Amino acid sequence: MARHATCMEAPETQGVPVPSTHRSHARLPLLLSLALAGCADYAVDSASRGWSSSAPSATSAATSATSSGGGSTAPPEQEEDLLLLPPAQTDVYVFVANPERNTVTRIDVSTQQVDTTEVGVRPDLVLTTDDYRQALVLNRGDDTVTVIEAPTLEKRTVPVRDNLNNMVLSPDGTWAVLWHDQAREEPDDPRAAGLQSFNEISFVHTETAAHFPMAVGPNPRMVRFTPDGATAVVVSDSLLARIDLTSLPLLPELIELAPGELDPPLAEEVLVAADGSFAWVRQFGATELLVVDLDSGVIDRVPAGVNPTDLDLSPDGRQAVALARGSDELWVYDARDPFAAPEVLDLPQTGYGSLLFDPTGDQAILYTTAARTERYGVWDRASDTITERSLVKPVAGMAITPTGGSLMVFHTLEDGPDTAPQFAGRSALTLVDLADLARTNPLLLPAEPLAYANSTTGELGYFVMDGSPYFEVLDYVTLLHDQYVLPSIPSFLGVLPDLDPGDADEPPAWVSQDHPLGRISFFDPDEGSLETLTGFELNSGIEEGE
Amino acid sequence: MRALSALTLAALAGCGWDHLPQQASTGSEPLWDASDVVPTVDGLYVRLPRAGALALVKESGASRRIPLGEGRVTRIDAAPNGHTVVAFVERYRCLSDDARVELPSDCAKRDLDVTTEITLVDRGEVTMAQPLSGAYNELTFSDDGRIAVGYLDLSQPLEVDSVLNLTGVVVIDLERGTSQLVPVGFAADHVLFVQDEETGATVEAVVVSRNAVAVLDVQDEVPREVVTFPLSLDPDTVVDPVGIDLTPDAHYALLSARGTSDLYALDLELHAINIVDLAGQPGAMAVDGPANRTAFVYPNLPLVQLLDHRFFDTQTIALDEPMDRIALGDQQAVLWSASGAHDLYRIDTRSTDLVEYRLQNPATDLFLAPTKEFALVLTRPEGGSGSGVDGLYDVHPGMEVVDLRSERSEPFLLEGQGLGVAFAQDPAGTTLNALVLQQDVDYLFRLDLYTRQTEEIPLDAPAVRIGSMPDGTFFITHDRALGLVSFLDPDTGEVTTAAGFAAAGSLDLIELAASGEEE
């Protein structure tokens with residue numbers, strides 16, 4: 002049943018360790034929350050779904066970075082991993098949105114029984130609360146949120162502000178926050194009707210379905226919460242909004258990030274300290290990071306090189322690392338003492354703008370999505386050396402497998418100056434053994450990657466491609482892949498929760514597909530079998546007798 | 002299960018899911034209907050259309066009328082228990098006060114009141130009679146013979162004698178003698194029964210209608226709807242089922258629909274629906290219990306597909322010609338065509354090993370021997386203009402013996418077009434006789450499939466139909482106006498006849514029911 006797709010050898014290059022230079026700068030006492038640092042569970046860092054977004058060549062990017070003195074004319078890094086969808090699953094059910102049918106599918110994990118329920122128009126995103134009781138659906142077509150009781154499929158619909166396209170839940174699942182995220186814009190998004198604001202967000206109380214809309218600042222970028230869930234922090238271009246979630250009605254308290262500046266650098270990223278007392282804000286094209294006291298609103302600044310384009314926590318949460326693309330430096334801060342002198346490591350003059358830690362924290366990957374650069378670097382944290390490797394194509398996004406053993410490189414469709422001829426103009430994916438960087442497996446793809454997921458053990462990966470009826474299984478250990486034919490075009494992908502972690506079985510992966518009456522396939526990695534359910538939308542019309 | 006030593010009527014076993022028996026037409030009122038007979042342990046029940054009556058013809062040659070009262074028996078069906086016959090009886094009353102009116106034909110049409118009664122006849126006696134709309138012109142019985150479901154076969158002319166609920170079926174409990182109208186969906190036309198795995202008792206009826214499938218609990222006196230599965234969510238979309246069958250464990254009902262390659266797999270336990278993409282609209286399907294697979298063939302596609310009941314995966318095997326019929330053997334399916342193809346295939350439903358046979362002429366019917374070692378194929382002349390042996394085959398009806406144990410087949414020329422085949426095997430299993438009935442031929446052709454010994458058994462007249470009685474005796478009905486049935490003892494070859502039993506019908510007119518008789 003399985004068939005092997007085209008697999009091509011990567012052009013080999015020798016790794017070149019580059020000794021780093023250490024310098025010291027001053028201050029900042031901070032402890033940041035690893036749990037709040039994005040998709041930490043998956044150790045991923047990758048680009049947007051729009052692989053064809055234009056990026057300057059490596060040469061021009063480097064030139065402009067130098068000439069601008071901060072590299073800010075190159076576009077920001079695409080850091081959010083939109084290919085790895087957030088899991089919308091409980092201990093019993095998995096929820097999948099069906100945008101074309103205005104329904105949400107609920108899969109019983111133990112029986113794989115499938116039920117559907119109608120929601121709003123064009124459901125786009127489904128999240129589940131941590132207590133497994135509710136699923137929240139963002140319906141982009143009619144600007145509503147559907148709150149679904151997971152066991153019963155009872156629903157409540159809450160109208161929210163127009164044109165919102167992203168949603169997160171507070172840690173305790175009490176609040177859903179929705180905003181318009183430019184990174185999630187799609188070419189086929191419907192044009193907004195009437196007035197349109199780029200400052201508004203919505204808070205929805207998941208228990209009472211109460212809606213609290215508010216204006217927080219231009220182009221909200223990111224929403225974070227304090228670990229206790231009492232405060233939400235929203236960073237927009239020039240403002241930081243602090244919202245006390247314990248006091249109704251919700252009202253934003255706005256903190257101007259660059260008071261008095263007429264054309265301040267745009268804020269891109271915010272991290273909240275573990276104790277919730279302050280937040281770090283990274284601005285594009287700046288030379289400093291902002292440290293915002295969340296109680297007083299006082300803003301401090303710490304140096305961060307030229308144009309820091311990424312800010313991450315180490316997996317152990319002890320260090321915060323900013324990557325200064327304009328000065329090719331890594332700035333390493335003590336997360337518990339952000340005002341302590343940071344270490345600064347000089348990097349090769351490649352223009353790396355994104356940083357990705359492996360789950361162990363022993364090494365981190367350096368790459369850029371802002372330029373068509375066919376190389377990446379590996380920062381060995383024990384020796385502070387940087388080893389560079391070439392790739393067959395420029396990077397659209399990267400993900401480290403959950404075990405930290407392998408690296409998955411998603412390539413842009415566009416070629417770079419050193420693109421391997423076999424991959425020119427084609428979609429590609431490369432698997433890299435992080436223990437032996439010479440061992441790689443670049444794969445020529447028939448279409449652009451659409452979504453991927455990792456198996457529970459982290460030894461397998463699954464991905465599907467846009468408009469292509471294939472289900473690909475990647476073995477992160479052998480770097481080999483198997484291909485299965487789906488009955489129709491895939492939509493979403495995920496892995497069912499492991500109901501019995503003690504057994505040696507991998508839980509199935511699922512992939513939903515286009516079909517007027519609903520279609521989903523389950524892949525059993527232990528048996529290598531693909532089972533497909535079609536027509537489960539009809540289940541909603543089943544009438545039980547009295 | 003019937004023992005191999007017993008006589009088996011293969012003609013009945015060939016009725017697949019998509020070849021449901023059709024209701025006989027009452028036609029031009031002959032004295033008897035030689036094709037519409039019901040064998041039971043008590044003898045052969047014969048319908049007498051002109052007299053509107055029912056007769057029981059014994060193997061001894063004796064016959065008698067069954068007292069059903071005044072009216073017309075419009076159809077008869079056999080219950081699976083081997084001794085019960087279900088008769089539909091029309092009762093006529095004239096609402097006119099004219100004392101001269103004695104017959105329905107005397108009554109003005111506007112005054113003629115027609116009601117239909119369903120009557121059970123067991124061992125020659127009426128055991129139950131209940132009013133039932135005559136429009137319910139099709140009956141399906143549960144295997145245990147306890148339940149019958151009457152529904153509307155819209156492919157036949159409907160006799161609308163009362164306000165008719167087109168969404169209902171009538172569930173008849175033959176043991177309790179009760180019937181109940183149950184709404185299930187528009188135009189129900191297929192019924193299956195689910196048996197209890199341990200007791201074998203009928204517990205549920207699966208009723209297929211347009212755009213819906215209803216499951217009824219038929220254990221209690223009043224049938225209860227368990228669940229109804231929709232086949233479409235769009236009111237503008239019509240899903241017209243053409244075939245349905247159950248998986249061996251009765252966990253799933255597999256349903257195909259007209260004009261689509263979708264196969265609906267209805268989970269009768271979890272109440273969920275799955276749709277499997279087949280290669281096209283199947284012409285026939287057959288559920289192979291031991292292999293836990295279902296075979297599909299397609300009238301326009303030269304392939305067979307095997308559907309696994311666990312994952313609902315399909316395995317496709319290419320053929321040289323499209324097939325539209327399936328007969329299930331022992332871990333193998335025989336694929337054949339009634340549409341002019343010359344190929345015939347045997348496929349192992351587990352290993353998918355395929356054997357191709359080539360028939361001299363196109364098949365009209367196929368009968369599997371009870372031992373599943375042979376398939377006997379009746380063929381028709383092709384009307385070709387060839388010479389030699391091919392030309393001979395082209396202009397004659399034929400029969401081919403397909404050895405399912407090997408790759409051999411053996412053609413025979415027949416004197417008349419083959420009408421039916423029955424099989425007989427001696428208790429020791431040393432002989433396996435095929436009895437072949439031919440049109441307008443007054444003998445029965447007997448062929449021992451093991452030894453190829455043949456014999457012509459003379460008949461008093463050309464035959465219409467051959468079948469077997471529950472005791473293994475064969476009955477052969479003949480085209481004789483006053484009635485003629487031959488009974489053949491397969492062990493001795495002795496033939497006895499019953500004749501003239503329809504003669505009384507020529508003098509017996511259908512009369513109006515006495516007041517209150519129809520109640």
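Sequences listed follow chains W and P, in order. The first sequence runs 2 to 547 under the working numbering. The second sequence runs 2 to 520 under the working numbering. Note that the Cβ used here is the ideal one computed from N, Cα and C, for glycine as well. Predicted, not measured: the structure shown is a model, and the values here were computed from it.
Boundaries cannot be given for Gly484(P), as no beta strand (DSSP E) includes it and DSSP labels it neither H nor E. Residues of chain W whose Cβ lies closer than 7 Å to the Cβ of Glu226(P) are, in chain order, Gly546. Here DSSP, grouped into helix, strand and coil, assigns Glu201(W) to strand. In the three-state DSSP reduction, Asp309(P) falls in the strand class (E or B). Contact annotation: in the segment 217–242 of chain P, residues whose CB is within less than 9 Å of a CB in chain W are Leu217, Asp218, Arg225, Glu226, Val227, Val228, Thr229, Phe230, Pro231, Leu232, Ser233, Leu234, Asp235. Within the same chain, Arg102, Thr104, Thr117, Leu518, Gly519 come within 7 Å of Glu538(W) by CB-CB distance, once the 5 residues on both sides are set aside.
In the three-state reduction of the DSSP assignment, Gly421(P) falls in the strand class, which pools E and B. The C-alpha of Ala242(W) lies about 35 Å from the C-alpha of Pro152(W).
Listed along the chain, the chain P residues whose CB falls inside 7 Å of the CB of Ser530(W) are Phe312. Taking all protein chains in view, the Cβ of Asp317(W) is surrounded by fewer than 16 other Cβ atoms within 10 Å, so the residue is classified as exposed. When DSSP states are grouped into helix, strand and coil, Asp395(P) belongs to the helix group.
Of all residues in the segment 110–138 of chain W, those with a C-beta nearer than 9 Å to a C-beta of chain P are Thr112, Gln114, Val115, Asp116, reading in chain order. Per DSSP, reduced to three states, the secondary structure at Gln350(W) is coil, with no helix or strand assignment. Nearest to Ala136(W) by C-alpha distance, out of Glu473(W), Val322(W), Met168(W), is Met168(W). The beta carbon of Leu393(P) is closer than 8 Å to those of Leu414 in its chain, skipping five residues each way along the sequence. Just measuring C-alpha positions, the residue of Asn138(P), Asp174(P), Ala149(P), Ile173(P) sitting nearest Leu167(P) is Asn138(P). One thing to note: Pro303(P) has its Cβ within 9 Å of the Cβ of Leu320(P). Taking Gly277(W) as reference, the option from Pro228(W), Asn540(W), Val93(W) with the minimal CA-CA separation is Pro228(W).
Around the beta-carbon of Val390(P), fewer than 16 other beta-carbon atoms lie within 10 Å, marking it exposed. Linking Thr128(P) to Gly146(P) through their CA atoms gives a straight-line distance of about 14 Å.
Classified as buried, Ser469(P) has 16 or more neighbouring CB atoms from the shown chains inside 10 Å of its CB. According to DSSP, Gly468(P) shares a beta bridge with Phe476(P). Straight-line measurement puts the Cα of Val496(W) at about 15 Å from the Cα of Asp476(W).
DSSP links Pro371(P) through a beta bridge to no other residue. Membership of Glu495(P) in any beta strand (DSSP E) is not indicated, and neither H nor E is assigned to it by DSSP. Closest in C-alpha terms to Glu383(P), from the list Phe368(P), Asp349(P), Gly341(P), Arg359(P), comes Gly341(P).
At a C-beta separation below 8 Å, Asp278(P) has these neighbours in chain W: Pro488, Thr535. By the Cβ-count criterion, Glu199(P) is exposed, with fewer than 16 other Cβ atoms from all chains shown falling within 10 Å of its own Cβ. Sequence-ordered contacts of the segment 240–263 of chain P with chain W read Asp263 [C-beta pairs closer than 8 Å]. Identification of chain W residues near Ala189(P) by a Cβ-Cβ cut-off of 9 Å yields none; the smallest Cβ-Cβ distance measures about 16 Å. Within the DSSP secondary-structure output, Val393(W) pairs in no beta bridge. With respect to Val93(W), Val110(W) sits close: the two C-beta atoms are nearer than 9 Å.
Taking a Cβ-Cβ threshold of 8 Å, the residues of chain P close to Ile543(W) are Val228, Thr229, Phe230, Pro231, His272, Ala273, Ile274, in chain order. Of Val465(P), Ile327(P), Val402(P), the smallest CA-CA separation from Gly484(P) is found for Val465(P). For Gly244(P), the enclosing beta strand (DSSP E) has its first and last residue at 242–247. One Cα belongs to Val271(W), the other to Leu314(W), and the distance between them is close to 12 Å.
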